[in-house]
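Just so you know, the sequence shown maps onto residues 919 to 1220 in the numbering used here.
Quick notes on the structure that follows.
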Amino acid sequence: MIVRPTREALSALLVLCSAGCGSDDADALVVVGLTTDMAVGFALDRVEASTKVDGVITSTERLSYGGGDLSLPAELPVQPAQDGAEVELSVAAFRDDEASPIVTRRAATRAAGGRTLLLPVSLDEACAAMTCAAGATCAAGACVDPFIDPSGLADHDPTWITSARDACKAPSSGDPAAVVIGQGQSAFAPLEEGEVVPIEAGPQGGHHVWLALRATGLRQMGSRVTIAGRFPELALAPPPFTSQVTLRKAGGGHCEIYGLRFQVDRGLSVEAVRGQALDVDVTLEDPDGDVATAAQRVVIAP
């Protein structure tokens, strides 16, 4: 198994090859841009990929959400190749520890001397129930030829990731980033302004409320949530909570996360906060820098 290089390492590889590879050497590069509209960590847990150059396997990868090395969209670099060499990628996506893939995909092109090509490869939910004839592959729910002529491919630009879709964000749609505060430990439930919410004793002390979020226009993976609160009548604020989160794909074009514990009595007695209004502020920022905020007043149950 080959460890996937960091984006910085990939950039260094591209610079070295463009500076040091002569026209008679392997100076043609291909970078695979891997995307999915399935929710990583929920509908998709593992990806296995293999790359061939002129029919010879040059790399294999096994990336898993549980192992901490699967995050999509992502780049998979192919080793430098000769001009005209055929580059082929085979990818299979798996759920949990299932032996059979839920989606498979193949893509192929020819390396172009002096160029670094971006080969887009998507793992599409619409292909989960598709079976294609030999020599074809499924893309966007249809069986297609896996070969893409290099003349139809764009040159690699690392900023492609910011415009790539994922399970929760389609930048081309123009949908603004938005977040709604809800409640719930095991599911999202709406939360009305001024609603009374129960508190629960935590396993390590303290008492918390269960919050949930419903988001649009933000990345499914790698978003950072910050939850802050203030008791206006006490003029006191519990310490804020910050964490990196993975959103779950929900219906209606939304994504959600639930089971967020916000401790309300850190530095306070629980009796002091019972029956008190709590102003909750949430900030959710994704890896692209898009930010959504929301505010909600709740009342701690007596």
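The beta carbon of each residue, even a glycine, is placed where N, CA and C say it ideally should be.
Computed from a prediction, not measured in an experiment: that's the story for all the values here.
Neighbour-count burial assignment, residue i, 16 or more Cβ in a 10 Å radius
i       : result
Pro1064 : buried
Gly1147 : buried
Gln1122 : exposed
Glu1151 : exposed
Ala1213 : exposed
Glu1043 : buried
Val1114 : exposed
Val950  : buried
Thr1034 : buried
Gly1135 : buried
Thr866  : The shown model of the chain, from 919 to 1220, leaves out residue 866, and the question about it has no answer.
Ala1051 : exposed
Val958  : buried
Arg964  : buried
Val974  : exposed
Asp955  : buried
Cys1047 : One point to set straight first is that residue 1047 is Ala, not Cys, in the sequence displayed. Result: exposed.
Glu1174 : buried
Ala1082 : buried
Thr1027 : buried
Ala1011 : buried
Same chain only: Cβ atoms within 6 Å of residue i, ignoring 5 sequence neighbours per side
i       : result
Val971  : Ala999, Ala1003 and Val1005
Ala1054 : Cys1061
Thr1164 : Gly959 and Met1139
Cys1056 : Cys1045, Met1048 and Cys1050
Ile1145 : Phe1159, Phe1180 and Val1200
Asp1093 : Thr1134 and Gly1135
Contacts around residue i, its chain only, beta-carbon distance under 8 Å, and the 5 residues preceding and following it disregarded
i       : result
Thr976  : Thr969, Lys970, Val996 and Gln997
Gly1177 : Gly1102, Gln1103, Ser1104, Trp1128 and Ala1130
Gly904  : Any question about residue 904 goes unanswered here, given that the chain covers just 919 to 1220.
Thr1211 : Val1097, Asp1199, Val1200, Thr1201 and Leu1202
Ala1168 : Phe1106, Arg1132 and Glu1174
Glu1016 : none
Pro1068 : Thr1027, Arg1028, Ala1029, Ala1030, Arg1033 and Leu1035
Ala1058 : Ser1040, Asp1042, Ala1044 and Cys1045
Glu864  : Because residue 864 is not part of the residues shown, which for the chain are 919 to 1220, the question remains open.
Expected contact under 8 Å - CB spacing of residue i and residue j to nearest Å
i       : j       : result
Pro1116 : Ala1219 : 5 Å
Phe960  : Arg1166 : 5 Å
Arg980  : Glu966  : 5 Å
Arg1024 : Leu1036 : The Cβ separation is near 17 Å, so there is no contact.
Pro1205 : Val1182 : Their Cβ separation, rounded to whole angstroms, is 30 Å, which puts Pro1205 and Val1182 out of contact at 8 Å.
Cys1086 : Ala1133 : 7 Å
Val1021 : Leu1041 : 5 Å
Ala946  : Ala1029 : 3 Å
Gln1162 : Asp1084 : So it is not a contact: roughly 15 Å between Cβ atoms.
Val1216 : Leu1196 : 5 Å
Arg1184 : Gly1124 : 6 Å
The ligand NAD heavy atom lying under 6 Å from the CB of residue i
i       : result
Thr1077 : Summarising the ligand content, the structure contains no ligands, and the ligand NAD is consequently not present.
Other residues of its chain near residue i: CB distance less than 7 Å, five sequence neighbours each side excluded
i       : result
Pro1019 : Ala1010, Ala1011 and Phe1012
Asp1014 : Asp963
Ile1079 : Pro991
Cys939  : Note that Cys939 scores 41 on pLDDT, short of 50, meaning its location in the model is unreliable and no value can be drawn from it.
Leu1154 : Leu1186
Asp1208 : Ala1095, Gly1135 and Leu1136
Count Cβ pairs between the segment 1109–1126 and the segment 1083–1097 that sit closer than 8 Å; are there 3 or more? no
Any contact between the segment 981–988 and the segment 1179–1194? By contact I mean 3 or more CB pairs, one from each, below 8 Å. no
Starting from the N-terminal side, write out each stretch of the beta strand (DSSP E) that is 3 residues or longer and does not extend beyond the segment 1024–1102. 1034–1041, 1055–1057, 1060–1062 and 1096–1101
Which whole runs of the alpha helix (DSSP H) in the segment 937–998 are 4 residues long or more, in chain order? none
Secondary structure, beta strand (DSSP E): runs of 3+ residues fully inside the segment 1149–1214: 1159–1164, 1173–1181 and 1195–1203
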